[in-house]
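Residue numbers 2 to 450, in full-length UniProt numbering, belong to the letters of the sequence shown in order.
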Amino acid sequence: KNIALDTTKAVQFLKAGTVEAYEPKVKAAQEALENGTCEGNDFLGWLHLPSEITEEFLNEIQACANTLREKCEVVVVAGIGGSYLGARAVIEALGNSFAWLVGDKKNPTIMFAGNNIGEDYLAELTDYLKGKKFGVINISKSGTTTETALTFRLLKKQCEAQRGKAEAKDVIVAVTDAHKGAARAAADKEGYKTFVIPDNVGGRFSVLTPVGLLPIAVAGFDVKALVKGAQDMEKACGKDVPFAENPAAQYAATRQGLYTQAGKKIEIVCNFQPKLHYFAEWWKQLYGESEGKDGKGIFPAACDFTTDLHSMGQWIQQGERTIFETVISVETPNEKLLFPHDEENLDGLNFLEGKRVDEVNKMAELGTRLAHVDGGVPNMRVSVPQLNEYYIGQLIYFFEKACGISGLLEGVNPFNQPGVEAYKKNMFALLNKPGYEAESKAIQERLAQ
Ligand code: PA5
């Protein structure tokens, strides 16, 4: 069984034949990806990444993960953007919602840092780590990203101070470029274990490289099953799979149809499982950075339901009709919780007695779908049999493949992100970073005006 896409409640908002008319363009996009003839063709390493992953490589990841698991009660994963969100998406989707509180004895606590410059955040983190046996996975492809580098310096010093330099060396791992960048230089000098981020895999497509796989393995999840799910979806979304049966092709064509022909400029990915919050964050980066350029692109948004039905529900039901929804729906929860009987029935909820909580959730989901479609919101649904490594692997590859196709349909290079540099340039100029003297002068003059 695979994850499944249902577009019926979206295509009803389009003229008949709209999605089918995309078939030749989708085929051309798929050929361009396969043949490496599209823009951004130096970043296509993700396309057949799942089927290229070897057992030996996964064993190496697992061996390193086991060392960190044995030696650390806490592992801090330092990284930002594509060097962060994939790992967090999977770990939060699969883990106990209260892992950091319940003090899971079997697995180290995973913490994330290097994804912001919040002084309070970092002060509180370093305070929490005092006296703890912690390790660090420093993830940065460029090896020079400010947020991550700044955090890593703090963590490295603290780890060495608490465990001694020799022991720290065994619990600090770098995931970075094979040759370039400060993270590589530090790792080589200190003798850290390292994993390489392939040149031809961009950050937001890198969750199935050590960027995602190492932290996921450290957290105690089965990376082999994750990769197997991605491999099976690579086949299900392959270029020879007929258009009507190819979920990535259908998703890409439907969303582009909604965008260009029905004025639906915002896509909201919704879940009815709070564990999928960070999966949606990962998805937002994947689609936002891939499609938002050249003055174009569907704005990727996300809501956690039913939580956000009590905050964003009004807007979605009756606001500007420029949105469509893609619901990630989990068929069967991993746990079972039955609603209890109450003699007094003061809350009037005895009609739910004996039902699984998920039955209520499913009716909320169906009710929401009907209401939003009635309100003019096209709805796609990706159903996932269960939240486990295998199906999360499928979801990852499905969204990646659809993203590549969709970006090419839109007519942009889906594999670059030139716009991300603008804020960095200003920040470096404002901080008088060596090498930015001219920019510093110009920005100070601009601010003085
Ligand atoms: O998708 C991207 O390229 C970005 O989100 C990067 O992953 C992010 O900026 C982090 O970059 P780096 O891995 O070089 O530290």
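All C-beta atoms, glycine included, are put in the ideal place defined by N, C-alpha and C.
Being a predicted model, the structure only gives us computed values, none of them experimental.
Close beta carbons around residue i, own chain, < 6 Å, minus the five adjacent residues each side
i: phenylalanine 416; result: Gly41, Phe44 and Gly203
i: valine 76; result: Leu69, Pro109, Ile111, Gly136 and Val219
i: alanine 226; result: Glu390 and Tyr391
i: threonine 255; result: Thr8, Ala11 and Val20
i: asparagine 362; result: Phe273
i: glycine 258; result: Leu15, Thr19 and Val20
i: arginine 370; result: Asn380
i: phenylalanine 113; result: Val78 and Arg89
i: threonine 333; result: Gln387
i: leucine 86; result: Glu282, Trp283 and Gln286
i: alanine 302; result: Ile267 and Ile269
For residue i, the residue or residues it bridges with in DSSP
i: phenylalanine 325; result: Glu268
i: glutamine 387; result: Thr333
i: valine 137; result: Val77 and Ile173
i: arginine 447; result: Partner(s): none; arginine 447 has no beta bridge.
i: valine 197; result: Thr177
i: leucine 339; result: Arg357
i: isoleucine 111; result: Val76
i: leucine 6; result: Val383
i: cysteine 304; result: Cys271
Contacts around residue i, its chain only, beta-carbon distance under 7 Å, and the 5 residues preceding and following it disregarded
i: lysine 107; result: Gly221
i: alanine 249; result: Cys238, Phe399, Lys402, Ala403 and Ile406
i: tyrosine 260; result: Lys266 and Ile299
i: serine 52; result: Gln232 and Glu235
i: glycine 144; result: Thr177, Asp178, Lys181, Gly182, Ala183, Ala184 and Arg185
Own chain residues within Cβ distance below 8 Å of residue i, not counting five before or after
i: glycine 420; result: Gly293 and Lys294
i: glutamate 74; result: Pro109, Thr110, Lys133, Lys134 and Phe135
i: leucine 59; result: Leu214, Val224, Lys225 and Val228
i: threonine 308; result: Pro275
i: tyrosine 122; result: Ala114
i: leucine 155; result: Leu123 and Thr127
Which listed residue (the options) has its alpha carbon closest to that of residue i
i: isoleucine 317; options: Tyr260, Glu411 and Gly376; result: Gly376
i: valine 413; options: Ala30, Glu21, Leu448 and Lys2; result: Ala30
i: isoleucine 217; options: Leu95, Leu151 and Glu57; result: Leu95
i: alanine 263; options: Gln13, Gly436 and Tyr279; result: Gln13
i: glutamate 191; options: Lys170, Asn201 and Ala64; result: Lys170
i: asparagine 116; options: Leu350, Ala100, Asn67 and Glu148; result: Glu148
i: leucine 6; options: Gly119, Asn247, Phe206 and Thr210; result: Asn247
i: isoleucine 173; options: Val91, Lys72 and Ser84; result: Lys72
i: glutamate 354; options: Lys133, His342, Leu155 and Met381; result: His342
i: isoleucine 329; options: Gly314, Leu367, Leu410 and Gly213; result: Leu367
i: threonine 127; options: Ala90, Ala79, Glu24 and Ala88; result: Ala79
i: valine 374; options: Ile324, Thr55, Glu422 and Glu282; result: Ile324
i: glycine 208; options: Glu446, Ile92, Pro301 and Ala100; result: The displayed chain sequence assigns valine, not glycine, to residue 208. Nearest option by C-alpha distance: Ile92.
i: threonine 146; options: Ala449, Lys425 and Glu438; result: Lys425
i: serine 98; options: Asn427, Leu432, Glu422 and Leu388; result: Leu388
i: serine 291; options: Pro275, Gly83, Gln251 and Ala430; result: Gly83
i: glutamine 63; options: Lys26, Thr210 and Glu440; result: Thr210
i: proline 199; options: Ala449, Leu48, Glu360 and Lys2; result: Leu48
i: alanine 66; options: Gln319, Arg164 and Ala175; result: Ala175
i: isoleucine 81; options: Gly165, Cys271 and Arg205; result: Arg205
i: residue 1; options: Leu347, Asn346 and Asn335; result: Nothing can be reported for residue 1: it is not among the residues displayed for the chain, which extend from 2 to 450.
Any chain D beta carbon closer than 8 Å to residue i
i: glycine 394; result: No chain D appears in this structure, which consists of one protein chain only.
Next item on the list: Taking only runs that begin and end inside the segment 216–300, name each unbroken beta strand (DSSP E) of 3 or more residues, in chain order.
Entry: 267–272
Margin query: Report the start-end ranges of each alpha helix (DSSP H) in the segment 44–107 that is 4 residues or longer and not cut off at the edges.
Written below: 50–53, 56–72, 86–95 and 100–103
Check: Taking only runs of the alpha helix (DSSP H) that begin and end inside the segment 157–189, which ones reach a length of at least 4 residues, in chain order?
Finding: 166–172
Item checked: Sequence ranges, alpha helix (DSSP H) only - wholly within the segment 372–417, length at least 4 -> 390–411
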